[in-house]
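**Q** In my numbering, the protein residues as written are 122 to 359. Heads up, the beta-carbon is just placed ideally off N, CA and C, and yes, glycines get one too. One structure follows; several queries about it will come next.
Set out below in structure tokens:
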């Protein structure tokens, strides 16, 4: 079984498009929790285009499930993470003007930035996950700098156009999964996962959590938020 962490960024995107406080991010999170999700994920970007710092502070005291904050290791976000003390901090590389994250860390190149942040978070009792491409040989690198988990970037698998391409990308995920377990590191998965491709990840027993936002919120437009969470829980093997 894979735990489901619902990313509520898209709820904030819709709210910010009109102004005001509807849809309400806190109420959306409560609905997801009542429907049985095991976590709530937010990615407060520097431009505050969806989740805002105030949302993070408002969410933290009401959550009865795991809280996962995503983002790059910029000083203001590190300060916020140290203030909030979420269950998990997922470090994600961010590029200027990107619409969404689209690649993982290069540990060989980025370790000088990542290592002190990992040490700071772990000293504060915060689990650290690194957003990584499905490159088997990179899993040991993530373990070597102290990460607790790797979140495998599943975008190439999810966007594969043919069965052959999909099988190739899934094989890379499986090889990375096995390499991570050999290196003693746990796994999460995320990016573009939906009801059509999520079920296959159930075969990989080492994957602890899937973080899903866009596809779940889109599905919720048709079936309602509570039912969408239940449908995705089923796809996670729950």
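Any beta carbon of chain D sitting closer than 8 Å to that of residue 229?
**A** In the structure shown, chain D does not exist; there is a single protein chain.
**Q** Quick one, which of 235, 291, 242 has its alpha-carbon nearest residue 321's?
**A** Residue 321 has its Cα closest to that of 291, out of 235, 291, 242.
**Q** Kindly give me the distance between the Cβ atoms of residue 185 and residue 332, rounded to whole angstroms, as I take these residues to be in contact under 8 Å.
**A** Not really, about 18 Å apart at Cβ, beyond 8 Å.
**Q** Between the beta-carbon of residue 81 and the beta-carbon of residue 319, is there less than 8 Å?
**A** Any property of residue 81 remains undetermined from this structure, which presents the chain solely from 122 to 359.
**Q** Output the boundary residues of the beta strand (DSSP E) element that contains residue 255.
**A** Here residue 255 belongs to no beta strand (DSSP E), and DSSP marks it neither H nor E.
**Q** With a floor of 4 residues, list each alpha helix (DSSP H) that falls wholly inside the segment 282 to 329, ordered by position along the chain.
**A** Entirely contained in the segment 282 to 329, the alpha helix (DSSP H) runs reaching 4 residues are, in chain order, 284 to 303.
**Q** Taking the beta strand (DSSP E) that residue 270 falls in, what are its first and last residues?
**A** Unbroken beta strand (DSSP E) run through residue 270: 270 to 274.
**Q** Please name the residue or residues paired with residue 191 in a DSSP beta bridge.
**A** Residue 191 pairs with 211.
**Q** When you compare only the Cα positions, how much space is there between residue 143 and residue 149?
**A** So the two alpha carbons sit approximately 10 Å from each other.
**Q** Buried or exposed, going by whether 16 or more other CB atoms sit within 10 Å of the CB of residue 344?
**A** Burial call: exposed.
**Q** Could you spell out where the beta strand (DSSP E) holding residue 124 opens and where it closes?
**A** Run containing residue 124: 124 to 128, per the beta strand (DSSP E) assignment.
**Q** Relative to the ligand ATP, is the shortest distance from any of its heavy atoms to the C-beta of residue 214 smaller than 7 Å?
**A** This structure does not include the ligand ATP; it has no bound ligands of any sort.
**Q** Since residue 192 contacts residue 165 with CB under 8 Å, what's their CB separation in whole angstroms?
**A** Yes, they are in contact, since the Cβ atoms of residue 192 and residue 165 sit about 6 Å apart, within 8 Å.
**Q** What first and last residue would you give for the beta strand (DSSP E) that runs through residue 161?
**A** That run of the beta strand (DSSP E) goes 160 to 163.
**Q** Checking the sheet assignment: what are the DSSP bridge partners for residue 199?
**A** DSSP, once it has assigned bridges, lists no residue as partnering residue 199.
**Q** Taking the alpha carbon of residue 228 as the reference point, which residue from 131, 244, 265 has its own alpha carbon closest?
**A** Of the listed residues, the one whose Cα sits closest to residue 228 is 265.
**Q** Is it the case that the Cβ atoms of residue 160 and residue 187 are separated by a distance below 8 Å?
**A** Yes. Within cutoff.
**Q** What residue does the alpha helix (DSSP H) around residue 335 start on, and which one ends it?
**A** Here the alpha helix (DSSP H) through residue 335 covers 335 to 344.
**Q** Under the DSSP definition of a beta bridge, which residues are partnered with residue 248?
**A** BP columns for residue 248 point to 209.
**Q** Taking only the alpha-carbon atoms, compute the straight-line gap between residue 202 and residue 190 and give it to the nearest angstrom.
**A** Taking the straight line from one Cα to the other gives about 8 Å.
**Q** Please report the straight-line C-alpha distance between residue 180 and residue 133, rounded to a whole angstrom.
**A** The straight-line gap from Cα to Cα measures roughly 12 Å.
**Q** Mind the definition here: the segment 225 to 239 touches the segment 256 to 273 only if three or more C-beta pairs lie below 8 Å; say whether that holds.
**A** With a cut-off of 8 Å, the segment 256 to 273 and the segment 225 to 239 count as touching, because enough Cβ pairs lie within range.
**Q** Rounding to the nearest angstrom, what Cα-Cα distance links residue 279 and residue 207 in this structure?
**A** Computed Cα separation, rounded: 28 Å.
**Q** With distance defined between alpha-carbon atoms, name the residue in 337, 261, 335, 289 nearest to residue 301.
**A** Nearest of 337, 261, 335, 289 to residue 301, Cα basis: 261.
**Q** On the criterion of 16 or more Cβ atoms from any shown chain inside 10 Å, does residue 342 qualify as buried, or is it exposed?
**A** By the 10 Å Cβ count, residue 342 comes out exposed.
**Q** Given a cut-off of 8 Å on the beta-carbon distance, is the pair residue 304 and residue 275 in contact?
**A** Contact flag unset, no.
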